[in-house]
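Structure record follows, encoded as C-alpha cells.
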Amino acid sequence: MKITIHRGTDQIGGCVTEYEYKGWRLFVDYGEQLPGTPETSLHVEGLTHGDLSRSALLITHYHGDHVGRIVELPEELPIFIGNIAKAILEGLSEHLGHIDDKQKALNTRLKSVNTFLPGQLFKWGEFKIMPIIMDHSAFDAYAFRIEAGRLKVFHTGDFRTHGFRSGKLSEVIKKYVGKVDYMVCEATNVRRTANNIKSEHELQKEFIQAFTENKYNVVYLSSTNIDRLFGLYHAALKAKRPFYVDSYQKKIMNIVAGRDTIWGKSRLYRYKEGREPKVLHSDGDNFRVNEKFVDFLSDRGYVIIARAGEKFDDLLSHIPAEGRITYLSMWDGYLDKSKAAYSPALAKSVGSNYEYFHTSGHCDMESLENLVEMLRPKAIIPFHTDSPKTFAELFSDRYQVLTMKDGDTFRLSSARASIRKRS
Ligand SMILES: [Zn+2]
Ligand SMILES: [Zn+2]
Numbered sequence: 007m008k009i010t011i012h013r014g015t016d017q018i019g020g021c022v023t024e025y026e027y028k029g030w031r032l033f034v035d036y037g038e039q040l041p042g043t044p045e046t047s048l049h050v051e052g053l054t055h056g057d058l059s060r061s062a063l064l065i066t067h068y069h070g071d072h073v074g075r076i077v078e079l080p081e082e083l084p085i086f087i088g089n090i091a092k093a094i095l096e097g098l099s100e101h102l103g104h105i106d107d108k109q110k111a112l113n114t115r116l117k118s119v120n121t122f123l124p125g126q127l128f129k130w131g132e133f134k135i136m137p138i139i140m141d142h143s144a145f146d147a148y149a150f151r152i153e154a155g156r157l158k159v160f161h162t163g164d165f166r167t168h169g170f171r172s173g174k175l176s177e178v179i180k181k182y183v184g185k186v187d188y189m190v191c192e193a194t195n196v197r198r199t200a201n202n203i204k205s206e207h208e209l210q211k212e213f214i215q216a217f218t219e220n221k222y223n224v225v226y227l228s229s230t231n232i233d234r235l236f237g238l239y240h241a242a243l244k245a246k247r248p249f250y251v252d253s254y255q256k257k258i259m260n261i262v263a264g265r266d267t268i269w270g271k272s273r274l275y276r277y278k279e280g281r282e283p284k285v286l287h288s289d290g291d292n293f294r295v296n297e298k299f300v301d302f303l304s305d306r307g308y309v310i311i312a313r314a315g316e317k318f319d320d321l322l323s324h325i326p327a328e329g330r331i332t333y334l335s336m337w338d339g340y341l342d343k344s345k346a347a348y349s350p351a352l353a354k355s356v357g358s359n360y361e362y363f364h365t366s367g368h369c370d371m372e373s374l375e376n377l378v379e380m381l382r383p384k385a386i387i388p389f390h391t392d393s394p395k396t397f398a399e400l401f402s403d404r405y406q407v408l409t410m411k412d413g414d415t416f417r418l419s420s421a422r423a424s425i426r427k428r429s
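Using the numbering used here, you'd call the opening residue of the sequence shown number 7 and step up by one each time.
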C-alpha cells in the first residue's frame with residue numbers, strides 16, 4: 007500500500023490523503039483550506055481527473071475543511087460519508103443554499119453521496135474500511151481503519167478525548183481496531199499544552215452555574231456543534247431557564263434526537279419529556295415578539311442560542327436585557343481582527359462585552375499519545391497540523407515519526423521504507 011498526502015502535511019485545513027493498492031485508490035477528505043492559507047490547487051489522477059473507475063472518496067466529517075470542495079470533483083467519483091453526518095450536512099446546505107450558491111451545489115451533490123455506519127465494515131476494491139466513530143466538535147465524525155494486502159492503517163480524522171463521548175474510545179479501539187502498522191494522525195493542537203484544554207463536562211458545569219446565576223443568557227455557537235448544543239439544552243433545563251432555538255437549529259437537533267443509533271440512545275441526545283427546546287417563531291424577516299412572550303421571558307429568564315445577523319440582533323433588542331450575559335462558545339479567532347477568519351458579522355452581533363465559554367474540538371498531545379500506545383503503530387505520520395516539526399520533536403524519541411511533504415508518496419510496508427518524491 008502507498009500513501010500520498012496531497013495537502014495537509016503542514017497546514018490544518020484542506021487535508022487530502024490518498025491510499026493506493028494494486029491500482030485501487032482510496033482518498034480521504036476534500037475540503038477548504040483555512041482562511042489566510044496560500045491556496046494550493048490540486049490536480050490528482052484518479053480524483054480530480056483521469057480514470058476514476060477504481061477510485062472512491064471517504065469523508066471523515068462534515069466540517070468545511072474536510073468536505074467543503076467535493077462539488078468540484080467529477081460526478082462519477084463515488085463518495086462515502088457517515089449516515090447522520092449526511093443528514094446534518096443536507097440540513098445545513100439546504101438552509102444556506104438560499105443565500106450561497108456553493109452550498110446549493112453541495113446540497114445537490116449530496117444526493118448521490120453514499121453512507122456508511124459506525125462499526126460496519128465495507129469494501130472498496132482491494133480495500134477494507136472500518137468506520138470508527140470519534141468524539142469531535144462535529145457529530146458523526148470518523149476515523150478509519152483501512153486495510154489492504156497485509157497492512158493495516160489507522161487514519162484518525164479530527165478527534166478529541168475530552169468530549170462527552172470520549173470515555174468509550176479505548177473500548178472501541180480494542181474492539182474494532184487493535185494494533186496497526188501505521189497511524190496517520192491529526193495534530194492540530196501540537197503547540198498547546200494539555201492543562202488549558204477543558205473537558206466538555208467541565209464546560210457544561212460552568213454553563214449550568216452561569217445560567218442559574220444570570221436570568222438572561224445568549225449563546226453564540228456553531229449550529230453544527232451538536233454535543234455543545236445538547237449540553238447547553240440540558241444545562242438550561244438544570245438551571246430552570248427556558249431554552250430557545252430557531253426552527254433551523256431545532257431541525258438540526260431533531261436529526262440527532264430522532265435517530266435510533268448507538269449514540270442516539272445516549273441521554274445527551276434525548277429531549278426531556280414535555281421539555282423540548284422552544285422554537286423562536288418567524289414573522290417575515292424577523293422573529294415574532296409579542297407582549298405575552300416578553301412577559302414570560304421577564305418572569306422566567308432565558309437561554310437563547312443565537313447566530314450572527316440582523317434577525318437575532320433585532321430579537322435581542324426587543325426582549326428583556328437587564329444584566330444579560332452574552333457567551334461566545336466557539337473559537338474566538340472569529341472576533342480577532344488580526345486573523346484571516348475574522349467575521350465582521352459575528353463581531354457586530356456579539357459585541358465587545360462577552361464571556362468566552364469554549365473548549366477545543368481537537369485532542370491534546372498527552373491524550374494522543376495514549377491512543378498511540380493502544381494502536382502500537384510502526385510509524386506515525388502527522389498531518390492536519392501547522393507544525394509537523396514540533397510533532398516530530400515531541401514524539402520521535404519514542405516512536406518513528408514520518409514527516410511527509412505535500413505530494414510525497416510513501417510505500418507503507420513492514421520493511422524500512424523510503425519517501426519517494428512525486429514527479
Ligand atoms: Zn473538524
Ligand atoms: Zn479539520
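Even glycine gets a Cβ: it sits at the ideal position worked out from N, Cα and C.
Any idea what DSSP makes of residue i, helix, strand or coil?
i	result
Asp368	Sequence inspection shows His at residue 368; the Asp mentioned does not correspond to that position. Coil at His368, not helix or strand.
Ile135	strand
Tyr67	Before going further, note that residue 67 is His rather than Tyr in the sequence given. Coil, per DSSP.
Thr396	helix
Ala154	strand
Phe363	coil
Arg31	strand
His104	coil
Phe299	helix
Phe249	strand
Ile18	coil
Asp305	helix
Ala241	helix
Ala312	strand
Arg6	Lying before the first or after the last residue shown, residue 6 is absent from the chain, which here runs from 7 to 429.
Gly173	helix
Ala147	strand
Glu96	helix
Val378	helix
Gly42	coil
Phe401	helix
Val159	strand
Val407	strand
Asp338	helix
Can you name the start and end residues of the beta strand (DSSP E) that residue i belongs to?
i	result
Ser61	Ser61 to Leu64
Val22	Val22 to Tyr27
Pro388	Ala385 to Phe389
Val77	Where Val77 is concerned, there is no enclosing beta strand (DSSP E), given that its DSSP letter is neither H nor E.
Leu321	Premise fails: Leu321 lies in the alpha helix (DSSP H), Glu316 to Ser323, not in any beta strand (DSSP E).
Lys129	Phe128 to Trp130
Arg13	Lys8 to Arg13
Thr121	Asn120 to Phe122
Phe86	Ile85 to Gly88
Thr332	Ile331 to Leu334
Candidates the options: which alpha carbon is nearest residue i's?
i	options	result
Ser323	Pro84, His390 and Tyr222	Tyr222
Leu123	Trp130, Ile138 and Ala111	Ile138
Val73	Gly19, Glu45 and Leu58	Gly19
Val224	Ile232, Ala242, Asp233 and Leu209	Ala242
Ser349	Ala327, Phe217 and Pro41	Pro41
His240	Glu219, Ala398, His207 and Ser288	His207
Trp337	Asn89, Ile331, His12 and Gly367	Gly367
Glu45	His12, Gly56 and Glu51	His12
Lys278	Arg404, Arg60, Leu400 and Asn260	Asn260
Lys134	Ser172, Tyr182 and Arg247	Tyr182
Pro383	Gly52, Val119, Asp187 and Ala351	Asp187
Val34	Tyr405, Gly413, Thr409 and Phe150	Phe150
Gly237	His364, Thr114, Asp291 and Phe299	His364
Asp16	Lys108, Thr409 and Phe318	Thr409
Lys244	Phe128, Val50, Arg281 and Ser61	Arg281
Ala111	Leu127, Leu79, Pro283 and Met140	Leu79
Ile331	Ser344, Lys345 and Ile311	Ile311
Val378	Leu321, Lys185 and Tyr333	Lys185
What residue range does the alpha helix (DSSP H) around residue i cover?
i	result
Val285	First-last for Val285: Lys284 to Leu286, but that is the beta strand (DSSP E), not the alpha helix (DSSP H).
Lys354	Pro350 to Val356
Quick one: complete alpha helix (DSSP H) runs, 4+ long, within the segment 179-235? For the alpha helix (DSSP H) assignment, the uninterrupted runs of no fewer than 4 residues enclosed by the segment 179-235 are, from N- to C-terminal side, 206-219.
Mind the definition here: the segment 301-311 touches the segment 174-191 only if three or more C-beta pairs lie below 8 Å; say whether that holds. Taking a cut-off of 8 Å on C-beta distances, the segment 301-311 does not touch the segment 174-191, as fewer than three cross pairs fall below it.
Inter-stretch contact at 8 Å, needing at least 3 Cβ pairs: the segment 97-106 / the segment 18-34: The segment 97-106 makes no contact with the segment 18-34: fewer than 3 CB pairs, one atom from each, lie closer than 8 Å.
If you pair each beta-carbon of the segment 378-397 with each one of the segment 186-198, do three or more pairs fall below 8 Å? Cβ pair count under 8 Å is three or more, so yes.
With contact counted as at least three CB pairs below 8 Å, one residue from each stretch, are the segment 49-69 and the segment 85-95 in contact? With the cut-off at 8 Å, the segment 49-69 and the segment 85-95 touch.
Give a yes or no on contact between the segment 203-219 and the segment 312-326, applying the rule of three or more CB pairs nearer than 8 Å. Counting Cβ pairs under 8 Å, fewer than three are found: no touch.
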